[in-house]
Amino acid sequence: MEILHERSTIAQTVAAAEEFIGLFHRENPDAGDPRARLAAVRAELAETGTYRHTPEELAHGARVAWRNSNRCIGRLYWNSLRVRDRRELTGADEIAAECVGHLREATNGGRIRPTITVFAPDTPERPGPLIWSEQLIRYAGYGDHPSVTVGDPRNRELTEALRALGWPGGPGTPFDLLPLVVQGCDDKPRWFDLPADAVLEVPIEHPEDDHWTDWGLRWHAVPAISNMCLEIGGIHYPAAPFNGWYMGTEIGARNLGDTDRYNLLPVVGRRLGLDVTNDRTLWKDRALVELNRAVLHSFDRAGVTIADHHTESRRFLTHIDREERKGREVGADWSWIVPPISGSACPVFHRTYEDRPLTPAFAHHEGARQRAEGRDLV
Ligand code: ARG
Numbered sequence: 029m030e031i032l033h034e035r036s037t038i039a040q041t042v043a044a045a046e047e048f049i050g051l052f053h054r055e056n057p058d059a060g061d062p063r064a065r066l067a068a069v070r071a072e073l074a075e076t077g078t079y080r081h082t083p084e085e086l087a088h089g090a091r092v093a094w095r096n097s098n099r100c101i102g103r104l105y106w107n108s109l110r111v112r113d114r115r116e117l118t119g120a121d122e123i124a125a126e127c128v129g130h131l132r133e134a135t136n137g138g139r140i141r142p143t144i145t146v147f148a149p150d151t152p153e154r155p156g157p158l159i160w161s162e163q164l165i166r167y168a169g170y171g172d173h174p175s176v177t178v179g180d181p182r183n184r185e186l187t188e189a190l191r192a193l194g195w196p197g198g199p200g201t202p203f204d205l206l207p208l209v210v211q212g213c214d215d216k217p218r219w220f221d222l223p224a225d226a227v228l229e230v231p232i233e234h235p236e237d238d239h240w241t242d243w244g245l246r247w248h249a250v251p252a253i254s255n256m257c258l259e260i261g262g263i264h265y266p267a268a269p270f271n272g273w274y275m276g277t278e279i280g281a282r283n284l285g286d287t288d289r290y291n292l293l294p295v296v297g298r299r300l301g302l303d304v305t306n307d308r309t310l311w312k313d314r315a316l317v318e319l320n321r322a323v324l325h326s327f328d329r330a331g332v333t334i335a336d337h338h339t340e341s342r343r344f345l346t347h348i349d350r351e352e353r354k355g356r357e358v359g360a361d362w363s364w365i366v367p368p369i370s371g372s373a374c375p376v377f378h379r380t381y382e383d384r385p386l387t388p389a390f391a392h393h394e395g396a397r398q399r400a401e402g403r404d405l406v
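According to my numbering, the sequence shown is numbered sequentially starting from 29.
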């Protein structure tokens, strides 16, 4: 994971602000006089070392940050991102409550709506709030080694951090919901249980084999990334959770299939009656396909939005066309865009991309990670 450095000089902030205000007015020609706005931003920066985005700048900046996410295949709908402006919030309680509100609005009974909630930015006086949790919804991982973990090995550290904060632990199922960990401005991190009715989950079943329900597999409906910093025009919003809808392979190939996640390919392969001791039976490949069929089938049955990788690949190429007609080149990271199964059967495989970083952007911050690991608390 690349780490961007978050400390900027005032000169860098001014340059970034000017660039963004220019972009905003080029893309929103009806938004008034760019020169007047630029002068106001420069004056505010000179006086306070920061500036406040208008609600329109914030919304457009957040949408363009999605448009600039080179690892995301789902960018066709970037301009319809719903933006919840909660910049006045700095305290952990109110932030946790608004994260719950975000989940309810984004879940929308299964018709998932891409949504971002933006909390207070960093200012020269104080860093903004921080959400330690990688996503708003995460399953606990108990145990000190991936191969003996109950639950999701990816979340072992977060689970341990929660225990250290006094969380008593969940019932110990493979799918215990973790509380949200939020650090308000000038505060220690605190944990907040998510109300059960704010988290929509889908039981995973196979379209033909009833036995799969015995395994008790499930996954949550909304992927809401909560540990990336939204950077717009030199302003950093360290707490700005955002979600789209799932593409099936994220769950069926990676979350349930990876050996350092739920590692279900051997279980599925044996259930399919395959010789799992011999690579050349392609048992892993066949198990992957059945797992992915089960995920898509289950979400469809539950009435929860999910994309398949063929459709999402086509949409991405439509996105590239549309952007190019607007005079914008779409950056992309091939190794993230090409789906983890059946790559060459998807049109996105058969070409290359430029992977240039642009801002506004979502970034991982080293400082935020240190705070989330508690290194600045001792
Ligand atoms: N891959 C991550 C997961 O499986 C989610 C990343 C964002 N995905 C999305 N469809 N917006 O939870």
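Each residue gets a CB set at the ideal place from its N, CA and C atoms; glycine is no exception.
Remember, it's a predicted structure, so these values are computed and weren't measured experimentally.
Decide if residue i is buried, meaning its Cβ has at least 16 other Cβ atoms within 10 Å, or exposed.
i           : result
residue 67  : exposed
residue 336 : buried
residue 406 : Reliability of the predicted coordinates at residue 406 is poor, the pLDDT of 33 falling under 50, and the value obtained from them is presented with this limitation in mind. Residue 406 is exposed by the Cβ-count criterion.
residue 378 : exposed
residue 385 : exposed
residue 23  : One cannot answer for residue 23 here, as it falls past the ends of the chain, which runs 29 to 406.
residue 30  : Bear in mind that a pLDDT of 48 at residue 30, under 50, signals an unreliable position, so the number given afterwards is only what the model happens to contain. Burial call: exposed.
residue 366 : buried
residue 69  : buried
residue 168 : buried
residue 353 : exposed
residue 120 : buried
residue 241 : exposed
residue 93  : buried
If you drop the 5 nearest sequence neighbours on each side, which residues of the same chain put their C-beta closer than 7 Å to that of residue i?
i           : result
residue 46  : 66
residue 346 : 104
residue 391 : 32, 256, 257 and 259
residue 239 : 299
residue 302 : 309, 311 and 314
residue 230 : 246, 247, 249, 326, 327, 330 and 332
residue 296 : 315, 318 and 319
residue 307 : none
Confirm, please, whether the CB-CB distance from residue j to residue i is below 9 Å.
i           : j           : result
residue 263 : residue 150 : yes
residue 364 : residue 49  : no
residue 375 : residue 341 : yes
residue 202 : residue 227 : no
residue 252 : residue 158 : no
residue 132 : residue 109 : no
residue 197 : residue 204 : yes
residue 191 : residue 144 : no
residue 81  : residue 56  : no
residue 127 : residue 254 : yes
residue 115 : residue 86  : yes
residue 381 : residue 359 : yes
residue 265 : residue 344 : no
residue 78  : residue 152 : yes
residue 156 : residue 213 : yes
residue 388 : residue 96  : yes
residue 160 : residue 134 : no
If I measure Cβ to Cβ from residue i and keep anything under 6 Å in the same chain, skipping five residues before and after, which residues do I get?
i           : result
residue 280 : 319, 320 and 323
residue 42  : 73
residue 361 : 98, 99 and 383
residue 166 : 183 and 206
residue 124 : 208, 210 and 220
residue 373 : none
residue 84  : none
residue 62  : 53
residue 44  : 261 and 262
By alpha-carbon positions, which one of the options ends up nearest to residue i?
i           : options               : result
residue 292 : 268, 332, 309 and 246 : 246
residue 283 : 81, 83 and 180        : 180
residue 164 : 270, 302 and 299      : 270
residue 136 : 294, 387, 273 and 297 : 273
residue 211 : 225, 304, 117 and 185 : 117
residue 217 : 209, 38 and 224       : 209
residue 162 : 173, 185, 171 and 174 : 185
residue 288 : 173, 44 and 154       : 173
residue 285 : 334, 242, 338 and 368 : 368
residue 334 : 138, 371, 242 and 170 : 138
residue 370 : 243, 170 and 339      : 339
residue 233 : 59, 170 and 244       : 244
residue 129 : 64, 223 and 154       : 223
residue 187 : 278, 171 and 154      : 171
Excluding the 5 residues preceding and the 5 following residue i in the sequence, name in chain order all residues of the same chain whose CB lies nearer than 8 Å to its CB.
i           : result
residue 40  : 262
residue 235 : 321, 322 and 325
Return the chain-ordered ranges of every beta strand (DSSP E) run that is complete within the stretch 175 to 261 and spans a minimum of 3 residues. Fully enclosed beta strand (DSSP E) runs of 3 or longer: 208 to 211, 217 to 220, 229 to 231, 246 to 248 and 257 to 260.
Beta strand (DSSP E) runs wholly inside the stretch 36 to 121, at least 3 long, in chain order: Within the stretch 36 to 121, complete beta strand (DSSP E) segments of at least 3 residues are found at 110 to 113, given in chain order.
Within the stretch 345 to 369, ranges of the alpha helix (DSSP H) (whole runs, at least 4 residues): DSSP runs (the alpha helix (DSSP H)) wholly in the stretch 345 to 369: 362 to 365.
Which whole runs of the beta strand (DSSP E) in the stretch 252 to 308 are 3 residues long or more, in chain order? DSSP runs (the beta strand (DSSP E)) wholly in the stretch 252 to 308: 257 to 260 and 263 to 265.
I'd like the ranges of any beta strand (DSSP E) spanning at least 3 consecutive residues and lying wholly in the stretch 120 to 167. The stretch 120 to 167 contains these whole beta strand (DSSP E) runs: 143 to 146.
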